[in-house]
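Down below is the structure, laid out as structure tokens.
Residue numbers (the working numbering): 3 to 948.
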């Protein structure tokens with residue numbers, strides 16, 4: 003069967019030999035084993051007594067020598083075959099058939115057929131083919147982290163050299179196909195007819211073809227002349243050589259830009275820059291945008307990380323915007339900046355101490371000038387920052403916090419800084435509590451005392467536009483931002499002493515009692531004085547009108563604001579249940595939680611309020627109203643329609659309700675193809691009891707709160723306004739919440755309440771006036787994923803990147819990339835999804851603040867929908883609609899195509915102040931994300947905003 007001189011040995015199917023005996027037996031001849039020990043005994047033991055006494059004696063050691071043959075392997079070879087194993091004893095060869103497998107050290111080889119040559123240490127493998135000659139089962143070898151697929155191979159397991167045919171190997175995201183490959187050592191391989199691609203198919207859709215290549219595993223590959231191919235069609239574009247980075251991790255290099263066109267900025271290059279790895283802890287990314295009309299921007303993003311210590315990232319950007327040409331009526335120029343910093347520390351590095359930062363600061367006009375981003379241009383009207391250092395002492399009730407805070411309102415152009423802020427807190431201590439208490443505690447042992455003190459400093463300024471700056475400079479009235487901040491700087495210090503006492507419940511535990519006492523004071527550095535000045539304005543008909551305006555004058559003066567309160571509260575819960583004789587609905591339960599508290603607060607700040615008389619506008623100019631300002635509240639303080647004395651002696655009350663229903667749980671089918679799932683991942687199965695029923699909250703909460711002050715005079719209310727609220731989650735899919743304020747008094751001509759007259763007084767009954775209200779609703783529906791396991795893996799990978807506290811710098815870059823390229827994150831695994839949110843707000847207008855603003859009602863909706871036209875085509879629409887103006891604020895459409903290893907997307911926004919369209923086709927691999935065709939164009943038709 004194998005020749006005249008060969009002797010064959012057969013092994014039954016399904017048996018394997020894992021002893022490696024053939025290799026170990028033949029590599030060391032028996033006679034060499036006898037020679038490893040000399041005839042003379044080399045092991046001599048000296049007399050122990052002689053060793054102890056004779057220091058000049060020479061100790062002899064045992065010499066055991068074993069001569070190893072040069073062709074010996076470093077470990078056993080294990081092999082198996084599901085079909086059969088044929089061994090040839092004379093030629094020392096073994097053939098394995100049917101899902102054959104060979105293992106040696108960290109190498110594992112599987113193939114339909116494997117041959118082993120024991121003499122030369124050569125392993126051969128062949129792929130399996132079907133009836134039409136196509137490969138059905140590759141020969142696969144895995145060695146360490148490297149893997150290969152081949153049509154056939156010859157491999158020396160001792161020298162790790164070999165030749166393979168039709169080889170496919172994966173290097174990170176790169177797949178390397180070679181017609182013939184020669185492996186010369188554990189890391190280096192030469193290839194002929196080499197094809198580089200990121201497509202994971204055996205016949206890839208695209209790649210780069212080269213005749214020769216040298217590949218160093220996990221490092222790089224170098225080729226000669228190279229050309230691209232798409233679907234086996236060569237592109238007649240040659241490059242003289244190719245270098246392919248195969249190593250994992252961070253690498254320095256240039257960032258490929260994309261071309262854009264903007265009607266106001268001209269032609270441009272976007273994200274042209276460089277990424278530099280400084281060391282194992284630091285890296286930096288610098289990129290910029292430049293446009294033909296003169297607009298430009300530059301961003302620098304350094305990031306740092308020290309494992310088990312801290313990590314963070316910065317983003318500092320400068321933006322110079324020029325729209326249209328100088329001399330054009332719409333010519334516009336502006337300089338803006340942005341600053342972001344994210345930092346977090348590992349709590350394990352310094353227990354009890356924490357330092358964190360989340361800075362999001364920019365010019366109030368920065369977002370308006372970011373091209374091709376409706377979300378940033380219109381939605382981000384507020385921003386805030388926080389830098390915090392916190393220290394707590396172990397086994398002691400002390401805590402210290404120092405922070406820097408920043409807030410800005412981009413619509414109002416108002417920027418506020420709060421720095422430094424410091425607070426020291428002594429947690430509640432129980433001075434009468436015994437250290438080694440036994441049994442139940444006495445009531446006085448529950449007496450707790452705490453202490454809090456703090457210091458805050460605030461500064462504010464309004465940001466000017468370039469046109470406003472030029473106008474003020476012409477009048478010699480311009481001050482820079484730091485001067486304006488210093489003018490508004492105001493500090494305050496506060497102290498408070500809360501005292502609490504927990505009393506045992508009464509009436510068999512049905513009513514809980516909680517008394518409390520507290521004192522606090524606040525010291526401020528500036529006191530305001532409010533004056534009324536008359537101004538004149540022209541109406542659209544050219545007629546002049548005189549009106550009153552209130553001017554605040556801040557003086558550097560120390561003011562003291564004191565508060566003291568004491569009270570006792572009672573709360574309980576009442577339950578009512580209605581049983582049904584129904585198999586599907588078992589019962590409905592109504593829970594009522596009333597709360598009553600008796601409180602007393604002395605009026606210690608009456609002198610801090612100033613009364614200001616102001617006239618109405620227009621036809622109501624003869625109506626005079628009195629408003630009150632807190633002189634210690636600082637710049638931008640809001641007025642109150644009536645002075646409300648801080649002296650309070652009375653009762654506060656409220657009622658909270660919820661409504662629940664117990665229903666039969668629906669049995670879910672195992673294969674439920676097209677059911678909806680809410681955006682909130684509520685697991686109803688976990689609430690099912692042993693009888694198969696589950697609880698459903700029909701109304702999660704509804705009720706009101708109010709109070710009655712027995713010490714109130716004619717200038718303030720006795721019965722406080724009623725605060726109403728309602729919230730529920732309908733069908734575990736629709737979140738609905740509402741709240742409002744009901745004023746139980748009659749209103750005057752200016753819309754302010756008259757405290758002496760209740761709303762229900764007079765002939766016509768009226769429970770009150772709704773002065774403000776809001777309703778919000780949101781819902782999310784989506785089909786079940788076609789592949790639940792794939793959806794779970796996708797979500798886990800995304801959550802890991804977004805929620806890992808030690809990956810904040812990567813989070814920031816990922817979120818920025820997702821915001822700029824939303825079409826690249828389409829989930830084709832979900833057939834359809836719909837997200838809708840709606841908000842309605844109402845505020846009853848008053849005339850003191852500047853006249854009616856319509857009927858006071860504003861409502862808008864935001865929507866987003868996505869569905870798959872086919873398994874590979876997806877359509878997405880998102881936008882916002884304002885019901886007050888009856889206009890679409892913005893709307894965008896995106897269509898995406900899954901091209902397996904590539905992706906295509908086209909987006910357009912035809913409505914809104916900022917309009918745009920873009921077209922992108924790019925590889926999915928992050929390694930080739932810069933190899934894309936991108937076309938962007940945006941339009942701005944809203945004019946400059948001030």
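For every residue, glycine included, the Cβ atom is placed at its ideal position computed from N, Cα and C.
Keep in mind it's a predicted model, so treat the numbers as computed, not measured.
Spatial neighbours of residue 678 within its chain, please: CB distance less than 6 Å, with the 5 preceding and 5 following residues excluded, ordered by chain position. Because the pLDDT of residue 678 is 41, which lies under 50, any placement of that residue in the model is unreliable, and the number read from its coordinates should be weighed accordingly. Here the set comprises 783.
Classify residue 458 as helix, strand or coil using the three-state DSSP reduction. It is a strand residue.
Buried or exposed: where does residue 688 fall if 16 or more other Cβ atoms within 10 Å of its Cβ makes it buried? Model confidence at residue 688 stands at a pLDDT of 46, short of 50, so the residue's coordinates are unreliable; what they give is reported in the following sentence. With fewer than 16 other Cβ atoms from the protein chains shown falling within 10 Å of its own Cβ, residue 688 counts as exposed.
Distance, residue 847 Cα to residue 855 Cα: Note that residue 855 has pLDDT 49, beneath the 50 cutoff, so the model's placement of it is unreliable and the number below is only indicative. Going from the Cα of residue 855 to the Cα of residue 847 covers about 7 Å.
If you draw a straight line from the C-alpha of residue 553 to the C-alpha of residue 539, how long is it? So the two alpha carbons sit approximately 17 Å from each other.
For residue 760, which residues in the same chain have their Cβ closer than 7 Å to its Cβ, ignoring the five residues on either side in sequence? Excluding its 5 nearest sequence neighbours in each direction, residue 760 has C-beta neighbours in its own chain below 7 Å: 746, 747, listed in chain order.
Using only the alpha-carbon positions, how far apart do residue 28 and residue 121 sit? Any answer about residue 28 is weak, because its pLDDT of 45 lies below 50 and its placement is not dependable; what the coordinates show is given next. So the two alpha carbons sit approximately 8 Å from each other.
I think residue 881 touches residue 865, with their Cβ atoms under 8 Å apart; what is that distance to the nearest whole Å? Cβ-Cβ separation between residue 881 and residue 865: approximately 6 Å, consistent with a contact (criterion under 8 Å).
Kindly provide the ranges of any beta strand (DSSP E) runs that are 3 or more residues long and lie completely inside the segment 878-903, ordered along the chain. Runs found: 889-901.
Please tell me whether residue 325 and residue 334 are closer than 9 Å, where the distance is taken between their beta carbons. Result yes, Cβ atoms of residue 325 and residue 334 sit closer than 9 Å.
Beta carbon of residue 417 nearer than 9 Å to that of residue 366: Yes, Cβ-Cβ distance for residue 417 and residue 366 is below 9 Å.
Where do the ends of the alpha helix (DSSP H) carrying residue 474 lie? Run containing residue 474: 468-476, per the alpha helix (DSSP H) assignment.
Please report the residue range of the beta strand (DSSP E) in which residue 488 lies. Per DSSP, residue 488 belongs to no beta strand (DSSP E); it is in the alpha helix (DSSP H), 483-489.
In the DSSP assignment, what residue or residues form a beta bridge with residue 211? Answer by DSSP bridge pairing, in chain order: 197, 229.
Who does residue 75 pair with in a DSSP beta bridge? In DSSP, residue 75 forms no bridge with anything.
Would you call the segment 281-291 and the segment 221-232 touching, i.e. three or more CB-CB distances under 8 Å? No, the segment 281-291 does not touch the segment 221-232.
For residue 636, which residues from the same chain have a beta carbon less than 6 Å from its beta carbon, with the 5 sequence-adjacent residues on both sides left out? So the qualifying residues of the chain are 492.
Alpha-carbon to alpha-carbon, residue 905 and residue 933: When the Cα atoms are used, residue 933 and residue 905 turn out to be separated by approximately 12 Å.
DSSP-derived helix/strand/coil call for residue 142: Under the three-state reduction of DSSP, residue 142 is assigned to strand.
What does a CB cutoff of less than 6 Å around residue 450 pick up in its chain, not counting 5 residues either side in sequence? Here the set comprises 430, 432, 502.
Which partner residues of residue 697 appear in the DSSP bridge assignment? BP columns for residue 697 point to 664.
Please classify residue 370 as buried or exposed, where buried requires at least 16 other C-beta atoms within 10 Å of its C-beta. Buried, since its Cβ has 16 or more Cβ neighbours within 10 Å.
Comparing C-alpha positions only, which one of 509, 153, 597, 400 sits nearest to residue 708? Nearest in C-alpha terms to residue 708, of all of 509, 153, 597, 400, is 597.
Can you tell me whether DSSP reads residue 930 as helix, strand or coil? In this structure, DSSP gives residue 930 a helical state, which the three-state scheme calls helix.
CB of residue 452 within 9 Å of CB of residue 490, strictly: No, Cβ-Cβ distance for residue 452 and residue 490 is not below 9 Å.
Rounded to the nearest angstrom, what separates residue 151 and residue 337 at their Cα positions? Roughly 57 Å between the two C-alpha positions.
Does any residue of chain B have a CB that is nearer than 9 Å to the CB of residue 793? In the structure shown, chain B cannot be found, because there is only a single protein chain.
Cα-Cα separation, residue 119 to residue 91: If I take the Cα positions, the gap works out to 11 Å.
Starting from the C-beta of residue 685, find all residues in its chain whose C-beta is less than 7 Å away, skip the five residues before and the five after it, and write them out in chain order. Low confidence applies to residue 685: its pLDDT is 42, below 50, so where it sits in the model is not reliable enough to give any reading.
Cut-off 6 Å between Cβ atoms - residues of its own chain near residue 293, not counting five sequence neighbours on either side: Residues 267, 268, 270 of the same chain have their beta carbon placed closer than 6 Å to that of residue 293, with the five preceding and five following residues left out of the count.
In three-state DSSP terms, what is residue 7? With a pLDDT of only 40 at residue 7, under 50, the local geometry of the prediction cannot be trusted, and the value read off the model is given with reservation. Annotated three-state conformation of residue 7 is coil, per DSSP.
Beta-carbon contacts of residue 436 that lie in its chain and below 8 Å, excluding the five residues immediately before and after: 447, listed in sequence order.
Go to residue 550, then tell me how far its beta strand (DSSP E) extends in each direction, as first and last residue. That run of the beta strand (DSSP E) goes 546-573.
Using only alpha-carbon positions, find the residue among 495, 603, 214 that is nearest to residue 562. Checking every option, the nearest Cα to that of residue 562 belongs to 495.
CB of residue 454 within 9 Å of CB of residue 497, strictly: Cβ atoms of residue 454 and residue 497: closer than 9 Å.
Check for me: the beta strand (DSSP E) holding residue 736 runs from which residue to which? Secondary structure note for residue 736: its beta strand (DSSP E) is the uninterrupted segment 736-745.
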